[in-house]
Each structure stands twice: as C-alpha cells, then as structure tokens.
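Per the working numbering, the very first residue in the sequence shown carries number 2; after that it's consecutive.
Backbone N, C-alpha and C fix where the C-beta goes; we use that ideal spot for every residue, glycine too.
Remember, predicted model here, so these are calculated numbers, not experimental data.
Heads up, the thing below is written out as structure tokens.
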Amino acid sequence: MSSQFPAARPRRLRKSSSLRTLFQEVEFNLDDLVLPIFVEEDVTGFAEIKSMPGVFRIPEPKLAGEVERYARAGIRAIMTFGISHNKDDAGSDTWNEDGLVARVARICKDAVPDMVVMSDTCFCEYTDHGHCGVLHGHTVDNDATLINIGKQAVVAAQAGADIIAPSAAMDGQVQAIRNALDAANHPEVAIMAYSTKFASGLYGPFREAGGSSLQGDRKTYQMNPMNRREAIRESLLDEAEGADCLMVKPAGAYLDTIRDIREASRLPLGAYQVSGEYAMIKFAAAAGAIDEHRVSRETVGAIKRAGADLIFTYFAMDFASDGGI
Ligand code: PBG
Ligand code: ZN
2 MSSQFPAARP RRLRKSSSLR TLFQEVEFNL DDLVLPIFVE EDVTGFAEIK SMPGVFRIPE
62 PKLAGEVERY ARAGIRAIMT FGISHNKDDA GSDTWNEDGL VARVARICKD AVPDMVVMSD
122 TCFCEYTDHG HCGVLHGHTV DNDATLINIG KQAVVAAQAG ADIIAPSAAM DGQVQAIRNA
182 LDAANHPEVA IMAYSTKFAS GLYGPFREAG GSSLQGDRKT YQMNPMNRRE AIRESLLDEA
242 EGADCLMVKP AGAYLDTIRD IREASRLPLG AYQVSGEYAM IKFAAAAGAI DEHRVSRETV
302 GAIKRAGADL IFTYFAMDFA SDGGI
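What follows is the structure in structure tokens.
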C-alpha cells in the first residue's frame, strides 16, 4: 500500500458531531459553577446593572425567593456581595451581627439549606472611601484590616456561611481568618482565598454593581497583572496560611496563571470570570459581533481546560435556564 501524505489526519475524529463529542477532552456542567449575586439593603425593587446587562441588584426582601429560584434551576453554589447603605470609614457594618453580611448569609441558608453559600469577605462595599480596608492617609493599613476581617469572617460563619471568601488582598488575611474562626469555634468553616487577585481593569462594571465610591486604584494591595512568578507565590502563601481552596481572578486573560497554580498546588482551584469579562461578551453580542451562547460556553470551557475546578461566572443562571450547557 502506498503511503499517503499526510499520514496524520486529525480531521478523521472531527467528521461528525458524535465523533467530536466522543473525543472531547474537557467539559463543564452546572456542578462546577458558582453564581455571584448582589444584594442591596433598604430597597424593594430589582435594579439592572447597566454595565452588566441581565444582572440585577437583588432587593433584600426578594433574596429568599431568588435563592429558591437558583436552586430549582440547578445552581448549587452562590457568592454573595452586599450593597450597603450603612458605610463608614472602616466598614464596621460587616462585623455587626445584624448587619448586611450576616443577614444575607442567614437569608440564603434559611431559604435553601443545601445551597453552598460563599460570603465575599472584604470592606470595599462597606467603606465610605471604597477601599478594601482601613485607610491611613492614602494607603490601606494591612494589619488593622486583618483584625476587622477576622471579625467579619466570624459573623458570616455564625450566620451560616459555608465558605469565607476573603477578597481584600491583605497580606496574612487567610491566617487571620483561620485563627479567628477557630477561636470562635468554627473549625468546620472553609476558606476560599482569592489567592491570586490581579489589580485589573476588568473589575470596572463591578464597581457600578457594588455602588463603590473608590477614588484611585488598588495597586498597593492587588497584584501587578504582568507578574507570573509572583502569581504562583501569592497562592502558595495562602495555601501555607491554611486556605482550603485557591482562586485566580480575573480568569480569561490569566489562563497561564490558572495552569501554573494547578501544577504548583494540590488544593482545589477556582477561577473568577469577572464583571468586565461578562460585559465584553454581552456588549459584543448585543452589537452583533459575536454569538453570546457560543462565546459564553467557550470562555468558561477554556477556564476549565486551563485547570480550574470551579468557575465563578455571571452566566451561571443563563446556562442553567437556557436548555443546559
Ligand atoms: C472587591 C471585589 C472585587 C471583585 C470581587 N470582589 C472588585 C475589586 O477588587 O475591585 C470583582 C468582581 C467582578 O469584577 O466581577 N474586593
Ligand atoms: Zn474589596
């Protein structure tokens, strides 16, 4: 038999839809996803976030019904953000036992006890200056913030949060939270560290969503997006401090970092497809440039392929209600 050129023909396995499915290497499903939600106090109506079409601020009185709706659609985990009307210079509402952080965790857990409730643990939605901690002059005081973040974590745990998710990017925050939780008799509550968090322009729409009053930026505490080695170091530090799960944020522009950390650690790894990634897809689709259904699935699938075990995405409810993935 004469040998033909080319011998290797990958197209053989792409001939039909059944063949393509059979040889597909990676897939994701609803069990891998976490839906981030925004809950606003002192309001009664839903408000669409203009820079995130299809995403609404949930009024606190409607939260229980919403969580039930997510559960019925097949969502198993949510990440909660509060939109506060009780801001001060330290974000003290976050460690008030009847403050918004506590009430949100309690309402979600009471509504659907099986829902995994992750409480975003930071201060920027609760400080009048919009920074992620206590401000001294123009910088955030790392160690003063650590004391407060421990208090917030304990309050969220007491209210029923399954997972504490610190996003303040303070050095030592995981250990401070672990110590505080253990001292308050909550050794069972896990920490999902935003362990590699870049100072990214892709958080733009989140600032509108969260009603942030931030002037300036977070470059003295969040990471320089150009640093690959430091990205691994940050996550390994959080592992050493006692994190139960690591995270890379944003996700789509940092697939190399996801892969690096997947290889450097044996902890589970999350990745957060952030507000700007969502907005880019939504607005490009609305302009007719891309197909939202395809690109949302392609981007989340690529994040899984890069090595993430769980993915935070604002598309989670679309995937759930839109005839599956
Ligand atoms: C604040 C926080 C941010 C996000 C999650 N927690 C914004 C920021 O760090 O400025 C971003 C989420 C998103 O953009 O979807 N600690
Ligand atoms: Zn913050």
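Local conformation of PRO318 per DSSP, three classes: Position 317 of the sequence shown, counted from the start, is the residue given in the question as residue 318. Strictly speaking, residue 318 in this sequence is Met, with Pro absent from that position. Reduced to three states, the DSSP call for MET318 is helix.
What residue from ILE108, ALA303, HIS130 has the CA that sits closest to GLU67's CA? Numbered from 1 along the sequence shown, position 66 holds the residue referred to as residue 67. Closest by alpha carbon: ILE108.
Rounded separation between LEU256 and GLN274 - CA only: For the purposes of this step, residue 256 is taken as residue 255 along the sequence shown, with counting starting at 1. For the purposes of this step, residue 274 is taken as residue 273 along the sequence shown, with counting starting at 1. Those two C-alpha atoms are separated by around 11 Å.
One question on the structure: do PHE39 and ARG21 come within less than 8 Å of each other, judged by their Cβ atoms? Residue numbering aside, residue 39 sits at position 38 when the sequence shown is read from its first letter. Residue numbering aside, residue 21 sits at position 20 when the sequence shown is read from its first letter. Not closer than 8 Å, so no.
Between which residues of its own chain and LYS88 is the CB-CB distance below 7 Å, once the five residues before and five after are set aside? What you label residue 88 is simply residue 87 of the sequence shown in a count that begins at 1. So the list reads TYR127, THR128, ASP129, once near-sequence residues are dropped.
Tell me the start and end of each unbroken beta strand (DSSP E) in the region 149 to 175 that is at least 3 residues and wholly inside, in chain order. The region 149 to 175 is shown to contain whole beta strand (DSSP E) runs of 3 or more residues at 164 to 167, in chain order.
Identify every residue that forms a DSSP beta bridge with SER120. Taking the first residue of the sequence shown as position 1, residue 120 is located at position 119. Looking at the DSSP output, SER120 bridges to THR81, ILE165.
Measuring alpha carbon to alpha carbon, tell me which residue in ASN228, LYS220, ASP239, GLN223 is nearest SER196. Reading the sequence shown from its first residue, position 195 is the one you call residue 196. Nearest of ASN228, LYS220, ASP239, GLN223 to SER196, Cα basis: ASP239.
Sub-8 Å separation of PRO251 and ILE50 beta-carbons: In the sequence shown, residue 251 corresponds to position 250, counting from 1. In the sequence shown, residue 50 corresponds to position 49, counting from 1. No, Cβ-Cβ distance for PRO251 and ILE50 is not below 8 Å.
LEU311 versus ASP245 - alpha carbon distance: In the sequence shown, the residue the question calls residue 311 occupies position 310. In the sequence shown, the residue the question calls residue 245 occupies position 244. Those two C-alpha atoms are separated by around 13 Å.
Quick test of the definition: if touching needs 3 or more C-beta pairs under 8 Å, does the region 180 to 189 touch the region 209 to 225? At 8 Å Cβ cutoff, the stretches do not touch.
Quick check on LYS283: buried or exposed, where buried means 16 or more other Cβ atoms within 10 Å of its Cβ? Here residue 283 refers to the residue found at position 282 when the sequence shown is read from its first residue. Counting other Cβ atoms within 10 Å of its Cβ, LYS283 reaches 16 or more and is therefore classed as buried.
Residue from SER85, TYR315, GLY161 whose Cα sits closest to the Cα of LEU114: Against the sequence shown, residue 114 aligns to sequence position 113. The sequence given here places Pro at residue 114; Leu does not occur at that position. Answer by Cα proximity: GLY161.
Nearest to TYR279 (by Cα), restricted to the options LEU14, SER297, ALA78: Stepping through the sequence shown from its first residue, residue 279 is reached at position 278. Relative to TYR279, the option among LEU14, SER297, ALA78 whose CA is nearest is SER297.
Would you call the region 219 to 226 and the region 77 to 93 in contact, with 3 or more CB pairs under 8 Å? Verdict: no, contact absent.
Beta carbon of ARG219: closer than 7 Å to some heavy atom of ligand 1? Here residue 219 refers to the residue found at position 218 when the sequence shown is read from its first residue. Remark: the shortest separation between the CB of ARG219 and any heavy atom of ligand 1 falls under 7 Å.
What is the DSSP secondary structure of ALA285, reduced to helix, strand or coil? Position 284 of the sequence shown, counting from 1, holds the residue named residue 285. Helix at ALA285.
Specify, as a first and last residue, the run of the alpha helix (DSSP H) that ILE291 falls within. The residue labelled residue 291 in the question sits at position 290 within the sequence shown. Counting along the chain, ILE291 falls outside any alpha helix (DSSP H), and DSSP gives it neither H nor E.
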